[in-house]
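Same order as they appear, the protein sequences are chains A and B. When we follow our numbering, the leftmost residue of the first sequence carries the number 4, and every step to the right adds one. When we follow our numbering, the leftmost residue of the second sequence carries the number 4, and every step to the right adds one.
2 protein chains.
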Amino acid sequence: MSLLVTGSIGLDTLETPSGKREQVLGGSAIYFSYAASFFTPVRLVGVVGEDHPKSLFTLFEGREVDTGGIEVRSGSKTFRWHGSYLKDLNEAVTVEVDLNVLAERAPKIPAGFLDSKFIFLANTHPALQQEMLASLKSPKLIVADTMNLWIATERAQLVKLLSKVHGFVLNDGEARLLTEEKNLISAAKKVLKMGPKFVVIKKGEHGCLLVSDSGAFVLPAFPAEAVVDPTGAGDSFAGGMMGYLATQGGTISGATLKRALAYGTVVASYTISDFSLDGIKRADRDKIDGRWHEFKTAMSF
Amino acid sequence: MSLLVTGSIGLDTLETPSGKREQVLGGSAIYFSYAASFFTPVRLVGVVGEDHPKSLFTLFEGREVDTGGIEVRSGSKTFRWHGSYLKDLNEAVTVEVDLNVLAERAPKIPAGFLDSKFIFLANTHPALQQEMLASLKSPKLIVADTMNLWIATERAQLVKLLSKVHGFVLNDGEARLLTEEKNLISAAKKVLKMGPKFVVIKKGEHGCLLVSDSGAFVLPAFPAEAVVDPTGAGDSFAGGMMGYLATQGGTISGATLKRALAYGTVVASYTISDFSLDGIKRADRDKIDGRWHEFKTAMSF
């Protein structure tokens, strides 16, 4: 089924123990789209300035990503983020951020995208997330992400959003901030009470936790020795998860969700193996399936 | 097969967000023995002072723990530890420690225990661990634990010990300290080069990691909402693991080791559910098997 993502597109400057890259392509919607397109066609909605890199469009050549929803806004500048993992590979320190075009009005969802069934609202202001949601005709599965900034400054809007989504994806620090619960299962249960049917808490190198009414499922990260750049791991995870779910039809069982989380985990393991999108670009569906089965076998006891 | 453990026996004062307990029974060998005795008879070797609590011997009434190796030393005082988890449930802060009898000579392994096949050398000075090892006649599987103190102060002795054991169990912080590798898989591989055939890195609430020549296996912790007191979780884990292994005969396959780690995980989940040994005392083999199968099912995708 059709999968739509709205989120950020940016130019990242990245510092990790493995080196530095300046002004490379990034952003939640970019990682998500690349990851999801291994599984299903993706409709990408986002906005950049006139200064966007050419690689934004060449990246998706030959892939089933419809970039017709990318608005190139005249007179505006592309979102820029400078992050460092020199202190801790598991947590980015923001050195500098220029919201630029992201601080302006949201991009418009093209008319041809409004019938999308699977929706991923990558991190942005929760009021904008709701606005984009409102324009969709008949979504079947809506999953949203967020960040600590909105939890701290726009809690009321975020709580409103939560009452309108089926699934919510956030990281461990954000879950604790949102719920004031240290224990992640308790935190996830509090989030469930706000509306979603399932919550996925991403724990970086420690994997992820899924909580729904039918219980908790914990999945470690794919065992990786060489983590070069964790940027985009969470968005690649969400892309792999949603991409797989979109191929499974309208009703999502608990077993399907678990398989989807494992696909997300595997796709993210490619992303972190190199800077920017260089790691995930070396993956293909056969490799992903191979690693998925390897992971499944390794995890069985 | 016969399972021997040598390690500490102590009086713990524990502070956690759930409350405080003063001078309750604890120590690595106590938690280990209780945990392992769900699976197989245990031979316990340790030393206490005249001031040991009566509960030390009543604890094991009706259980297959041979306490004939506990030396009650006249004129000596029992080991005491005061730990606090008020800041972080995942990491104990030592408020006070009195080594007392543990700073004296090691206990003697009774003659009747010297033919033990499965050996767990719980944390103590690595020279003492080697001394006890040397007296054993024909051990089949030797697994050791350690702590940050010995890594920092007795590295040469610890490296010597590592060349003499089959398995090594340590926590994430200790693995990083020992190898100066941040990535835990890299750290485990470095430890393998020092001698052991397998390394288990305990990651507290994030589960554990097994690395051997045949690859890496990651297991999350049993999803627990109510962590009351993490004291003894690692020793209970080791006890469950070794107890199960001792029932599986002399040759340990990778699959057996994975099942053993899952048993360790399940047994530890009982320990952390209440203070001191109160949680694990509410477990029995049927409950453990039930939770093990629940864990196995929950972990499958």
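C-beta: ideal position from N, C-alpha, C; glycine also.
Terminal residues of the continuous beta strand (DSSP E) containing residue i?
i: Asn174 (chain A); result: 170 to 174
i: Ala32 (chain A); result: Per DSSP, Ala32 (chain A) belongs to no beta strand (DSSP E); it is in the alpha helix (DSSP H), 31 to 39.
i: Leu222 (chain A); result: 218 to 222
i: Asp292 (chain B); result: Where Asp292 (chain B) is concerned, there is no enclosing beta strand (DSSP E), although the alpha helix (DSSP H) it sits in stretches over 288 to 302.
i: Phe123 (chain B); result: 121 to 124
i: Lys205 (chain A); result: 201 to 205
i: Ile145 (chain A); result: 144 to 148
i: Thr70 (chain B); result: 68 to 76
i: Thr97 (chain A); result: 96 to 101
i: Ser79 (chain A); result: No beta strand (DSSP E) contains Ser79 (chain A), which DSSP labels as neither H nor E.
i: Ser215 (chain B); result: 211 to 215
i: Thr254 (chain B); result: Where Thr254 (chain B) is concerned, there is no enclosing beta strand (DSSP E), given that its DSSP letter is neither H nor E.
i: Gly13 (chain A); result: 13 to 19
i: Val305 (chain B); result: Since the displayed chain B opens at 4 and closes at 304, residue 305 (chain B) lies outside it and no answer follows.
Measure the alpha-carbon distance for residue i versus residue j and round it to whole angstroms.
i: Lys290 (chain A); j: Ile283 (chain A); result: 11 Å
i: Gly29 (chain B); j: Tyr273 (chain B); result: 15 Å
i: Ala191 (chain B); j: Pro199 (chain B); result: 10 Å
i: Ile122 (chain A); j: Arg179 (chain B); result: 41 Å
i: Gly235 (chain B); j: Gly13 (chain B); result: 12 Å
i: Gly49 (chain A); j: Asp287 (chain B); result: 56 Å
i: Gly72 (chain A); j: Tyr37 (chain A); result: 15 Å
i: Ser141 (chain B); j: Ala114 (chain B); result: 13 Å
i: Glu183 (chain B); j: Lys143 (chain A); result: 49 Å
i: Val51 (chain B); j: Thr250 (chain B); result: 29 Å
i: Lys205 (chain A); j: Ser215 (chain A); result: 15 Å
i: Leu62 (chain A); j: Pro233 (chain A); result: 19 Å
i: Arg24 (chain A); j: Ser87 (chain A); result: 11 Å
i: Ala95 (chain A); j: Trp84 (chain A); result: 11 Å
i: Phe278 (chain A); j: Gly22 (chain A); result: 9 Å
i: Leu173 (chain A); j: Phe60 (chain B); result: 48 Å
i: Leu181 (chain A); j: Pro110 (chain A); result: 27 Å
i: Thr259 (chain A); j: Val27 (chain A); result: 34 Å
So residue i and residue j are in contact, right, with Cβ under 8 Å, and what is the actual spacing, rounded?
i: Leu187 (chain A); j: Asp175 (chain A); result: 6 Å
i: Lys120 (chain B); j: Ser5 (chain B); result: 5 Å
i: Val203 (chain B); j: Leu248 (chain B); result: Not confirmed; about 12 Å, so no contact.
i: Gly210 (chain A); j: Pro56 (chain B); result: Not a contact, Cβ separation roughly 40 Å.
i: Lys299 (chain A); j: Phe171 (chain B); result: 28 Å between Cβ atoms; not a contact.
i: Asn93 (chain A); j: Gly207 (chain A); result: 4 Å
i: Asn151 (chain A); j: Glu177 (chain A); result: 5 Å
i: Phe201 (chain B); j: Leu212 (chain B); result: Between Leu212 (chain B) and Phe201 (chain B) the Cβ distance is about 11 Å, and since that is not below 8 Å, they are no contact.
Go to residue i, then tell me how far its alpha helix (DSSP H) extends in each direction, as first and last residue.
i: Lys43 (chain B); result: For clarity, residue 43 (chain B) is Thr in the given sequence; the question names Lys instead. Unbroken run through Thr43 (chain B): none, as it is neither H nor E.
i: Arg262 (chain A); result: 257 to 274
i: Lys196 (chain A); result: 187 to 196
i: Thr61 (chain A); result: 58 to 61
i: Lys284 (chain B); result: 281 to 284
i: Glu134 (chain B); result: 129 to 137
i: Gly337 (chain A); result: Lying before the first or after the last residue shown, residue 337 (chain A) is absent from chain A, which here runs from 4 to 304.
i: Thr156 (chain B); result: 151 to 156
Residues in the same chain with beta-carbon distance under 7 Å from residue i, minus the five sequence neighbours each way, listed in chain order, please.
i: Leu161 (chain A); result: Pro129, Thr149, Trp153, Ile154
i: Trp295 (chain B); result: Ala265, Tyr266, Val269
i: Met245 (chain A); result: Leu6, Ala39, Phe121, Phe123, Val146
i: Ala32 (chain A); result: Val8, Thr9, Gly10, Ser11, Ile12, Leu47, Gly49, Ala125
i: Glu67 (chain A); result: Ser40, Pro44, Val45
i: Asp54 (chain B); result: Lys80, Thr81
i: Lys193 (chain A); result: Thr182, Glu184
i: Val104 (chain A); result: Val50, Val51, Gly52, Arg76, Ser79, Lys80, Thr81, Phe82
Between residue i and the ligand HEM, is there a pair consisting of the residue's CB and a ligand heavy atom that are separated by less than 7 Å?
i: Ser276 (chain B); result: No copy of the ligand HEM occurs in the structure displayed, which carries no ligand at all.
Using a Cβ-Cβ cut-off of 8 Å (strictly less than) and excluding sequence neighbours within five positions of residue i, which residues of its own chain qualify?
i: Leu117 (chain B); result: Ser138, Leu139, Lys140
i: Ile112 (chain B); result: Leu7, Thr9, Val48, Gly72, Met135, Ser138, Leu139
Among the residues of its own chain, which have a CB less than 6 Å from the CB of residue i, if the five just before and after it don't count?
i: Val168 (chain A); result: Ile145, Ala147, Pro199
i: Leu89 (chain B); result: Glu18
i: Phe42 (chain A); result: Gly246, Tyr247, Thr250
i: Gly253 (chain B); result: Lys143
i: Tyr34 (chain B); result: Gly235, Asp238, Ser239
i: Asp69 (chain B); result: Arg46
Within 8 Å, do at least three Cβ pairs link the stretch 218 to 225 of chain A to the stretch 220 to 232 of chain B? yes
So, do the stretch 115 to 132 of chain A and the stretch 154 to 170 of chain A have three or more beta carbon pairs nearer to each other than 8 Å? yes
Is it the case that the stretch 95 to 105 of chain A contacts the stretch 235 to 246 of chain A, given that we only count it when at least three CB pairs across the two stretches are under 8 Å? no
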